Structure formats: C-alpha cells, structure tokens
Amino acid sequence: MSWTELETDVLVIGGGVAGCMAAVPALESGLQVTILEKGKVLDHCGSVGCGVDHYLTIMDSGPEWDTPEFLIKHVPELTDGIVDLEVTSKLIHQMPRVLKKIESFGVNFKDPRFNDYYRLKSFGLPGTYHINFDGTEFKKHIGQQVRKLKGKVLTRTMGVHLLEKDNKVYGAVAFNFRTGEWYAIKAKSVVMAAGEVNRLSKNASGMPFDSWHCPFNTGDAHRMAFDAGAILTNMEFVETTLTPKGFSAQGLNALVSEGAHFVNKQGERFMFKYDEKGENARRAVIADAVINEYLLGNGPIYADCRHLPSDVLDHMEATLQIDRYTMPAFYEQKALKFRDEPVEVSISELSIRRSGVYFRGSGLAVDTEGHSSKENLFAAGDCASVSGGIAGAAVLGHISGEGVSAHVKKMNGSKLPEFDADEISRIKNENEHHLVASGLNWRAFEDKTREIVSDYIGVRRSSKSLELAMQTLASLANEESEMKADDLHGLMRVNETKSIRLSAEVMANAAMARTESRTGSSHFRSDFPETNETDWKKFVLVSKNEEQMNINYSDASESLASVFDRGK
Amino acid sequence: MSEEKKVHNPIKIDPEVCVKCNLCDWICPGDLIYKKEDDRTTLPDVKYPDECWYCGLCQSICPVDAIEIIFPEEMINCKTDVRSLLGKDVE
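Keeping their order, the protein sequence lines are chains A and P. For the first sequence, the positions run 16 to 583 when the working numbering is used. For the second sequence, the positions run 40 to 130 when the working numbering is used.
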C-alpha cells in the first residue's frame with residue numbers, strides 16, 4: 016500500500032477563517048479534528064491572505080439598525096430575493112455571540128484612537144455594520160486557538176477526492192505536494208471550507224495570479240462536492256470588484272466607506288445615476304456601474320479621494336497595507352499619490368464567490384447546521400450557499416462546527432466503511448499520470464478556461480455565448496487527463512486547474528438555465544435583459560447525475576434544505 | 040518552464056542581508072518559495088515566480104527586511120483596455 020491511512024472524527028478541508036472556526040467548536044466538544052491546509056501556517060485568512068480591516072457584525076449596541084431583526088428584514092433587498100433566508104437569519108442572530116468568542120481568542124476589534132469600536136457603513140447595508148479595525152493579527156489568534164485545542168493540521172496538503180459509500184461521505188483522499196505522501200483519511204463527517212473560485216477569467220495585468228482574492232482558492236471544494244453528488248447553487252452569479260488598474264487587490268471597502276468618489280473621464284461623478292446610495296451602493300452595483308461607463312465609452316474611470324479631510328486621508332494611508340501589505344509599495348513604484356491625484360481603476364477578474372452581495376453565497380447548498388445535501392458533508396465560508404465575507408466565514412464556520420459536532424455525536428459510534436483500496440489507487444494513479452503525461456502544460460490549459468470565461472460567460476452573456484462556452488469547456492475536459500505537471504507542486508496546480516474548469520462549466524450551465532438578468536453584471540443576459548420577478552424567484556441547483564450536469568430549481572421563498580434528499 | 044528566463048521575479052531577496060531562516064518559505068500561501076530546512080547556508084529559492092500573488096507576506100515576516108516586492112511593468116504601467124475584459128458579442 017502506497018498511502019498513509021488516517022482516521023478522525025471531523026475532517027476539515029481548508030484552514031482559513033471558516034475552516035478554523037468550524038474546527039474550534041468540534042474540538043471544544045471533545046472530537047478529534049484534522050484540517051487539510053494547502054499553506055504551511057494557519058496564521059492568515061484564506062481569502063485575503065493578509066489581515067482583515069473590516070468585519071461585518073450586529074452588536075446589539077442600542078439602535079434598531081444594530082439588531083438581528085432589522086438586518087434580516089433588509090436581506091431580501093440586499094440579495095435581490097435570491098437568498099436562503101432561514102440560514103441567513105441564523106447566521107445574523109449568531110453574529111454577536113461569535114464576535115465575543117473571537118474577542119476571547121485575543122482579537123482586538125477596537126480602534127486605539129477612541130478605545131472603542133469604529134464602525135463604518137458601506138456596500139448598501141442599512142446600518143454602520145462594519146467594524147473598521149487593525150486585523151493584521153485577526154487570523155493568527157483563530158489559528159492559535161485551533162493549535163491550542165490540539166487540532167491536527169496537515170499542511171501543504173491538498174484534498175482531491177471525497178470518499179463515499181451508500182451515498183454517505185466518509186472521508187477524503189489527499190496528498191502533500193512537498194513530500195509526495197498520499198493520505199486516505201476516514202472521517203465521520205467532512206467540512207468543506209476551501210473558499211471560492213478564482214483564476215477564472217482575464218484581468219487588466221494579464222497575470223492570472225494577480226487576483227483580488229487568493230489565487231490559490233480555486234473551487235477545490237466545489238469540484239470534490241460536485242463529484243460526490245452534492246448540490247451546488249448560485250453558481251451562475253459572478254463577482255467582480257474595482258481595483259487600482261494593474262493590481263487586483265482588496266481595498267474597495269476602505270475607499271467607499273471613507274467617502275471616495277468615482278468619476279469618469281469627463282470628471283462626472285456617475286454613481287448616483289445607478290443607485291441613490293451613490294458610492295455606498297452594493298459592490299455588485301458599483302461594479303456594474305463602472306462596467307457600463309466603460310461600455311459607454313466613458314472610461315477611464317477613477318477613484319478620487321482629494322476632497323476628503325486630511326485626518327481621513329491619514330487614516331486611509333495608515334491602514335492601506337492591512338488588507339494588502341504591498342499596496343503602499345504599488346503606489347510608490349507607480350509614483351502615484353492617492354491623496355493628491357485620482358487613481359485609475361479597472362474591474363477585477365471574476366470570481367464565483369458571493370456575487371457582490373452579502374449573504375448569497377455560491378457553492379454547496381447548506382441547511383441551518385451547515386449540512387449540505389449530501390449525508391456527512393458540511394460546508395462553510397465562500398464555498399457555501401450563505402456567505403458574507405470574513406464575518407460570514409467566521410459565523411457560518413462556527414455554525415457548521417457546532418452542526419457537525421452534534422451530527423457526529425448522533426452517529427454514536429456507528430462503524431465507518433472500510434477503505435476502498437481500488438478507488439484510492441485509481442485516484443492516486445490518475446494524479447501521478449500527470450507527472451508523466453505529454454499533453455498541455457496546466458498553465459496553457461488554464462489560460463483556455465480563462466479565455467472562454469472572459470469572452471463568453473463573463474459580465475455579458477447570451478444563450479449563444481453560453482452554448483459556445485458549454486461546448487468548449489466540455490471538450491476541454493477531454494484533454495484534462497493528459498494535462499502535464501512538471502513536479503508535485505505542478506500536480507497541485509493541475510488539480511486546481513481542473514477545479515477551475517469544472518466550476519466554469521457549472522457556471523455556464525447555471526447561467527444558461529437562468530433566463531433573466533439579476534443583480535447587474537453578476538448575471539446579465541443580453542437576450543433576457545430584464546429581471547423577471549414572476550418566474551425567477553428561484554435558485555438554480557446544479558448536481559452531477561450519471562456524469563451529466565443536472566439542473567434543477569427551487570423556490571427561493573423556501574430554504575434550500577427543503578429539496579435535500581440526504582442519504583437516499 | 041521553457042520561458043523561465045522571461046519570467047519576472049517579484050520577490051527580490053538580498054543575499055547579503057538574508058539570515059536563511061525559512062520564514063518566507065513557511066508563510067508563502069502559494070508554495071512559491073523553497074528553502075532547505077535547518078540549513079543556515081542556503082538561500083531561499085523563488086521557484087515559481089509567475090505564480091506570485093503580490094501579497095507581500097514574505098516581506099512582512101522577514102525578520103531582517105531582506106525582501107522587496109517588485110511589481111512588473113504590466114502592473115505598474117498597465118495599458119490594457121478595460122473593455123477587452125467585458126466579453127465578446129456573439130449575437
């Protein structure tokens with residue numbers, strides 16, 4: 016046997032905020048937890064890599080807007096009606112509790128200038144829900160909690176396949192891309208927390224790893240779950256943001272919440288043409304407005320901070336590096352002073368994440384316990400159907416951690432299946448074949464996917480373009496087994512590339528199914544340009560059935576769990 | 040990688056300053072930097088420079104400020120027409 020066999024109560028795939036926050040309650044309840052993490056450390060956020068400077072939360076501080084009920088009331092309009100309100104309500108109700116818990120790990124959310132929480136309003140939210148803080152050490156404290164509670168972490172290890180028997184997940188196959196060691200891991204339940212899908216389309220610099228969110232989050236959870244038969248939802252919606260042109264980096268929230276203006280080449284402040292909230296509109300609306308301005312020939316578009324008072328500019332400058340450590344160096348090497356001159360912006364590459372709105376996540380459909388449509392498979396963070404940035408990852412992660420703990424305890428010592436050695440061998444051999452294959456290098460393969468997504472599934476879609484995309488992506492899949500990896504690191508990338516291609520194909524199929532437009536450029540069909548409230552208050556559900564992509568629908572007024580048929 | 044010579048190296052490590060401690064290798068989220076463990080004689084090797092995210096975590100953790108992040112021309116002086124990112128018309 017050429018792999019190592021392990022057993023654990025809970026296997027968590029992805030050691031970001033969601034994965035660690037899921038691990039904590041499971042460890043606290045006395046379960047054994049093993050985390051698979053592609054990085055070497057648990058100190059940094061999965062999606063943004065560095066620290067965090069904004070955290071969305073309810074604090075019950077007194078005013079009505081700061082109560083769960085008030086925010087929940089506004090969720091339908093924030094998500095254009097496509098949201099699992101039951102799961103979102105639970106998430107919002109749990110926000111204050113999880114915030115306190117994270118503070119107990121040692122995270123200081125207070126602004127030293129006031130020794131109090133500094134809260135800002137942005138992205139169309141109906142209250143000042145974002146705590147603006149120096150979260151450079153945010154994730155470090157959460158990671159340390161996992162270590163303190165003796166969670167087992169397999170670093171530089173990538174999960175590639177879920178093990179299942181009788182429609183129940185019982186573990187995963189993984190490999191370490193530094194040592195080449197393969198693992199078969201048996202678990203009573205698995206929590207997917209591997210983040211969103213990036214490296215999916217072209218961006219301004221033309222460099223695939225120059226991406227807004229972590230380019231090493233590539234839909235691995237989506238692929239493994241899809242292959243195991245789980246339902247994916249909201250996959251038709253894409254997300255893009257505004258970035259300084261040439262550098263796809265975080266920072267839009269800081270800009271808009273502090274009061275930056277967007278202007279077009281005529282110097283016109285155009286956001287109010289698109290939304291009464293102006294620059295405070297939802298991210299999807301801001302991105303859509305900028306896309307429209309470019310299509311109207313009004314580009315370049317600039318972010319302008321020159322009107323802001325000097326103390327605000329000082330604060331912006333001082334916190335520029337929290338989300339992206341290298342942002343000051345970028346401005347410096349570009350010889351650009353954002354205090355004194357407008358900054359040219361571009362739209363970023365696309366992600367399948369949460370389509371520029373809070374609480375509508377794209378990925379595994381989950382119930383109020385974080386349990387997916389597949390027995391023993393849970394999810395949290397940006398690969399789950401309810402998502403909300405860092406706070407969403409933290410809170411749904413914690414919910415899933417409590418959910419999986421209760422579920423595992425209910426399994427009450429029931430025996431897990433024996434490993435299927437043939438299945439594990441097959442996965443390992445298929446992977447190792449890439450090291451001797453003679454086909455396309457993974458980079459060239461991935462470029463093809465990006466080109467198809469940018470040109471035919473991106474921010475302007477039609478049945479013709481989607482048809483073309485579906486055909487091309489499906490035929491690209493036929494070349495997949497011959498994709499070439501130069502080394503173990505390359506084998507990891509090959510797996511990422513496969514996840515990106517599959518996610519793009521799921522996106523094309525879901526986008527074809529939704530014959531309307533919704534949430535601006537998140538899903539704009541040029542052949543169905545209107546939002547159809549009569550027929551399309553629905554989720555599009557994609558799952559695998561006999562090697563085919565199976566499309567189903569469910570009424571968005573009901574929770575996604577109403578269509579789950581677990582374990583049957 | 041056949042085009043290795045043309046690839047821009049974003050992670051400039053000063054060999055005179057580097058204390059060969061492994062932290063940059065450990066922190067890189069993309070598995071780009073390789074450094075022989077427990078060996079204070081070898082420098083870190085930026086093995087996959089074209090896969091850099093420009094996150095700067097290596098620079099932020101370096102105990103002796105031996106690392107500088109250098110942005111390439113296509114980022115600093117980006118000439119792409121943003122409209123080319125907005126899809127093709129296939130009507």
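Quick reminder that beta carbons are idealized off the backbone N, C-alpha and C, glycines included. Predicted model, so just to flag it, every value in this text is computed and none were measured.
For chain A, check one thing: does any of its Cβ atoms lie closer than 8 Å to the Cβ of Glu90 of chain P? Walking along the second sequence from the start, residue 90 of chain P turns up at place 51. So, interface residue.
Under 8 Å between C-beta atoms, does Gly31 of chain A make it to chain P? The residue you call residue 31 of chain A lines up with position 16 of the first sequence. So, not an interface residue.
Kindly list, in the order they appear in chain P, the residues whose Cβ is closer than 9 Å to that of Cys229 of chain A. Walking along the first sequence from the start, residue 229 of chain A turns up at place 214. By Cβ distance, chain P contributes Pro68, Gly69, Trp92, Cys94.
What does a CB cutoff of less than 7 Å around Ile306 of chain A pick up in its chain, not counting 5 residues either side in sequence? For the purposes of this step, residue 306 of chain A is taken as residue 291 along the first sequence, with counting starting at 1. Once the five neighbours on either side are set aside, the close Cβ partners of Ile306 of chain A are Ile362, Val474, Ser536.
Could you list which residues in chain P have their beta carbon closer than 7 Å to that of Lys260 of chain A, in chain order? Here residue 260 of chain A corresponds to residue number 245 of the first sequence, with the count starting at 1. Near Lys260 of chain A (Cβ distances below 7 Å), the residues of chain P are Cys117.
Look up Glu5 of chain A in the DSSP assignment and say whether it is helix, strand or coil. Nothing about residue 5 of chain A can be reported from this structure: the residues present for chain A run from 16 to 583 only.
Tell me the residue span of the alpha helix (DSSP H) that contains Lys115 of chain A. As a working note, residue 115 of chain A is residue 100 in the first sequence. 100-119 is the span of the alpha helix (DSSP H), which, as asked, contains Lys115 of chain A.
Let me know the secondary structure DSSP gives Glu42 of chain P once reduced to three states. Locating residue 42 of chain P in the second sequence gives position 3, where the first residue counts as 1. With a pLDDT of 46 at Glu42 of chain P, under the threshold of 50, the predicted position of this residue should be treated as unreliable, though the coordinate-derived value follows. The answer is coil: DSSP assigns Glu42 of chain P none of H, G, I, E or B.
What are the boundary residues of the alpha helix (DSSP H) that includes Lys51 of chain P? Here residue 51 of chain P corresponds to residue number 12 of the second sequence, with the count starting at 1. No alpha helix (DSSP H) holds Lys51 of chain P; the beta strand (DSSP E) holding it covers 50-52.
Examine chain A for any beta-carbon lying closer than 8 Å to the beta-carbon of Glu43 of chain P, and answer yes or no. For this step, residue 43 of chain P is matched to residue 4 along the second sequence. In this prediction, Glu43 of chain P has a pLDDT of 49, which is less than 50 and means its spatial position is unreliable; nothing more can be read from the coordinates.
Within-8 Å CB hit, Asn524 of chain A to chain P: Numbered from 1 along the first sequence, position 509 holds the residue referred to as residue 524 of chain A. No, its Cβ sits nowhere closer than 8 Å to a Cβ of chain P.
Output needed for Phe13 of chain A: all residues of its chain with C-beta closer than 8 Å, excluding positions within five of it in sequence on either side, in chain order. This structure cannot speak to residue 13 of chain A, because chain A is shown only from 16 to 583.
Can you tell me whether Phe262 of chain A is helix, strand or coil according to DSSP? Taking the first residue of the first sequence as 1, we reach residue 262 of chain A at position 247. Three-state result, Phe262 of chain A: coil.
Residues in the stretch 298-315 of chain A with C-beta within 8 Å of chain P's C-beta atoms, listed in sequence order? Ile306, Tyr309, Leu310, Gly314, Pro315
Inter-stretch contact at 8 Å, needing at least 3 Cβ pairs: the stretch 193-206 of chain A / the stretch 475-486 of chain A: no
Just grab the DSSP bridge partners of Phe277 of chain A for me. By one-based count along the first sequence, residue 277 of chain A stands at place 262. BP columns for Phe277 of chain A point to A:Ala318.
Could you tell me whether the Cβ atoms of Tyr340 of chain A and Cys94 of chain P are closer together than 8 Å? Here residue 340 of chain A refers to the residue found at position 325 of the first sequence. Here residue 94 of chain P refers to the residue found at position 55 of the second sequence. Yes, these two residues count as a Cβ contact at 8 Å.
Thinking just about the alpha-carbon of each residue, which of A:Phe434, A:His330, A:Met564, A:Met36 is nearest to the one in Glu179 of chain A? Against the first sequence, residue 179 of chain A aligns to sequence position 164. Glu179 of chain A has its Cα closest to that of A:Phe434, out of A:Phe434, A:His330, A:Met564, A:Met36.
Can you tell which of A:Ser220, A:Arg171, A:Arg375, A:Leu215 has its C-alpha closest to the C-alpha of Trp197 of chain A? Position 182 of the first sequence, counted from the start, is the residue given in the question as residue 197 of chain A. Among A:Ser220, A:Arg171, A:Arg375, A:Leu215, the Cα nearest to that of Trp197 of chain A belongs to A:Arg171.
Do Glu43 of chain A and Gly29 of chain A have their CB atoms nearer than 8 Å? Reading the first sequence from its first residue, position 28 is the one you call residue 43 of chain A. Reading the first sequence from its first residue, position 14 is the one you call residue 29 of chain A. Cβ atoms of Glu43 of chain A and Gly29 of chain A: not closer than 8 Å.
Inter-stretch contact at 8 Å, needing at least 3 Cβ pairs: the stretch 217-235 of chain A / the stretch 62-69 of chain P: yes
Please state if the CB of Asp24 of chain A and the CB of Gln47 of chain A are separated by a distance shorter than 8 Å. The count along the first sequence starts at 1 and reaches residue 47 of chain A at position 32. The count along the first sequence starts at 1 and reaches residue 24 of chain A at position 9. A contact, by the Cβ cut-off of 8 Å.
Using a Cβ-Cβ cut-off of less than 8 Å, list which residues of the stretch 339-358 of chain A approach chain P; keep chain order. Arg339, Tyr340, Thr341, Ala344, Phe345, Gln348, Lys349
Three or more C-beta pairs under 8 Å: does that hold for the stretch 145-160 of chain A against the stretch 436-450 of chain A? no
Could you tell me which of A:Met36, A:Asp181, A:Gly150, A:Arg193 sits nearest to Lys86 of chain P, measuring between CA atoms? The residue given as residue 86 of chain P occupies position 47 in the second sequence. Cα-wise, what sits closest to Lys86 of chain P is A:Arg193.
For Phe129 of chain A, is the beta carbon positioned less than 7 Å from some heavy atom of the ligand PLP? With respect to the ligand PLP, the structure shown offers nothing to examine, as it has no ligands at all.
Do you know offhand how far Leu124 of chain P's Cα is from Lys116 of chain A's? Mapped onto the second sequence, residue 124 of chain P falls at position 85. Mapped onto the first sequence, residue 116 of chain A falls at position 101. The alpha-carbon atoms of Leu124 of chain P and Lys116 of chain A are separated by roughly 42 Å.
Roughly how many angstroms separate the alpha carbons of Pro357 of chain A and Ala264 of chain A, rounded to a whole number? Here residue 357 of chain A is taken as the residue at index 342 of the first sequence, counted from 1. Here residue 264 of chain A is taken as the residue at index 249 of the first sequence, counted from 1. When rounded, the distance between both Cα atoms is 17 Å.
From Val56 of chain P to Ser429 of chain A, what distance separates their C-alpha atoms? Working through the second sequence from its first residue, we reach residue 56 of chain P at position 17. Working through the first sequence from its first residue, we reach residue 429 of chain A at position 414. Each residue's alpha carbon lies about 57 Å from the other.
Candidates A:Val175, A:Gly505, A:Glu438: which alpha carbon is nearest Asn456 of chain A's? Residue numbering aside, residue 456 of chain A sits at position 441 when the first sequence is read from its first letter. Checked all of A:Val175, A:Gly505, A:Glu438; the closest Cα to Asn456 of chain A is A:Gly505.
Counting pairs of beta carbons, one from the stretch 523-534 of chain A and one from the stretch 206-224 of chain A, are three or more of them closer than 8 Å? no
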